[in-house]
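Counting in my numbering, the sequence shown runs without a single skipped number right up to 1386 at its last residue. Note that the Cβ used here is the ideal one computed from N, Cα and C, for glycine as well. What follows is a set of notes on a single structure, which appears directly below.
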Amino acid sequence: MPRLLSDPNLSFCPNYADDAFINTRLQLTNENITKPQAIVILRNIWQAENNAAKLQWQAQVDEDRDRREQLERLDNEEQERQEQETRDEEEAARKEDRKKNKHKYTAIPKLDVPLKSIILPSSYALRKLDKGDYVELWYFTNEGLDDAKLKSSVDEDAMIMATLAGGDTAWVSAASTRNARAVVDDQNLRFEDFCQACPRIIEAMQEAAWPTDRIQMMALFWRNLQVHDFRSMRDPLAQRALLVYQAEQRKRWHIAVKSARGAYDLSRINEVLLERTRSDLYLEERTKLDNKRDYKVSFFRTERKQLHANNSCFISFFKTEFNNIKTRHTLHATSHMPHATCYTLHASLNMLHTSHNTLHVSSRYPMLRNTFTIRHTSRL
């Protein structure tokens, strides 16, 4: 059915009695229908058509209203959906910002300014602790904290070029890198620095939300090392053994946590491994001393052979020259060669013999080196 373009309620029935409708009336009039009856019939037909048009119009209006309401509802739903997505995105962005910059949203309690200074390790160490990974104790020593203060102005989100383990280069965040040349390994720390860093890293573990049992295990592990019998020994290798044991076992524990074998109680000091560590350090120190001694002995032997060869050449040369001078002096029986010159060559020859004897004695008896040299020098 064609769509109505105008409202039939606003239409009026035409006056079919007018001359404009003569032809229309003539089509209806005959011997049975008069002119007034034809006018009535035309009015009834128009009225019926108008009533049908009114019904169609009303249905059309209702349909348009329903369609408009549906479109408005869809528009409202789409707008509401977009607004909800916007709110969800903003909420997700706020959550991500809270997670990334959690200190930005830290609640401010009503407390006075603390007298004790706040410990601020490097971003690299804090990120390691947030992941539960191994981190060197050096970052929590005075030197490590001072280094963190100097680099606190670097943006954590800044990207820098770094060399990866395989030799390739890549852009990484500044906070995820470290200056390996400045970091001191745990086994090379002084025991004073070790005792200094332990309570600080425990506090950092608490702020990083480590499990309580893990923090207690680490605290007890370091405490047991600090009160161990090796700590009070006069042997410097004993204290160093504690530091090496701490470094090696803590690294192995972090590796074991991620393996299929699982973790274990690190606070229980293995005395067998500790004594083995001490023995290894003793052998290492003994090897260094032996190598140093062998190097000195080899060096002095080489020097002695070289000087002995040089002195032999000079002695042979001076003997030949001295004999030639004596021969010429005897044959010519003249004073072409003064006695002072002969005496000088003779004294030089004696001095070379003395130097040769000094080198030989000093290389075999180092304690007599200075005494022997002084005596022969004073004799000359």
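In three-state terms, what does DSSP make of residue i?
i: Tyr-1270; result: coil
i: Ser-1341; result: Confidence is the limiting factor: at Ser-1341 the pLDDT is only 46, short of 50, which leaves the residue's position unreliable, though a coordinate-based value still follows. Coil at Ser-1341, not helix or strand.
i: Trp-1216; result: coil
i: Lys-1430; result: The requested residue 1430 is not part of the displayed model; the chain covers only 1007 to 1386.
i: Asp-1191; result: coil
i: Asp-1070; result: helix
i: Arg-1133; result: helix
i: Val-1141; result: coil
i: Thr-1035; result: coil
i: Lys-1110; result: helix
i: Arg-1196; result: coil
i: Ile-1125; result: coil
i: Cys-1201; result: helix
Just tell me which of the options has its CA closest to the CA of residue i.
i: Tyr-1251; options: Glu-1281, Asp-1271 and Gly-1268; result: Glu-1281
i: Ala-1058; options: Ser-1017, Asp-1070 and Thr-1040; result: Ser-1017
i: Tyr-1288; options: Lys-1257, Arg-1133 and Ala-1244; result: Ala-1244
i: Leu-1248; options: Glu-1089, Lys-1134 and Cys-1201; result: Cys-1201
i: Glu-1149; options: Val-1190, Arg-1133, Ile-1124 and Ser-1238; result: Val-1190
i: Ser-1285; options: Thr-1092, Leu-1132, Arg-1246 and Gln-1312; result: Arg-1246
i: Pro-1205; options: Ala-1131, Glu-1095, Thr-1147 and Pro-1042; result: Thr-1147
i: Leu-1034; options: Leu-1048, Asp-1025, Asn-1021 and Lys-1155; result: Leu-1048
i: Val-1233; options: Ile-1275, Arg-1031, Asp-1241 and Met-1223; result: Ile-1275
i: Tyr-1111; options: Leu-1117, Glu-1102 and Glu-1290; result: Glu-1102
i: Glu-1291; options: Gln-1312, Pro-1242, Val-1067 and Gln-1066; result: Pro-1242
Do residue i and residue j have their CB atoms nearer than 8 Å?
i: Gln-1062; j: Leu-1011; result: no
i: Ala-1215; j: Pro-1127; result: no
i: Tyr-1140; j: Arg-1267; result: no
i: Trp-1052; j: Pro-1020; result: yes
i: Ala-1023; j: Ile-1045; result: yes
i: Met-1224; j: Ile-1208; result: yes
Can you tell me the Cβ-Cβ gap for residue i and residue j, rounded? I've got them flagged as a contact below 8 Å.
i: Ala-1262; j: Ala-1253; result: Contact flag wrong, Cβ pair sits at about 15 Å.
i: Ala-1203; j: Leu-1272; result: Contact flag wrong, Cβ pair sits at about 17 Å.
i: Asp-1153; j: Ala-1188; result: 6 Å
i: Ile-1124; j: Leu-1151; result: Incorrect: roughly 10 Å between the Cβ atoms, too far for contact.
Is there a C-beta anywhere in chain B that falls below 8 Å from the one on residue i?
i: Leu-1279; result: The structure shown contains no chain B, having only a single protein chain.
Please tell me whether, using a cut-off of 7 Å, the distance from the CB of residue i to the nearest non-hydrogen atom of the ligand SAM is below it.
i: Lys-1116; result: The model on display carries no ligand, and the ligand SAM is accordingly not part of it.
- Item | Contiguous beta strand (DSSP E) assignments of at least 3 residues, all confined to the segment 1226-1301 | none
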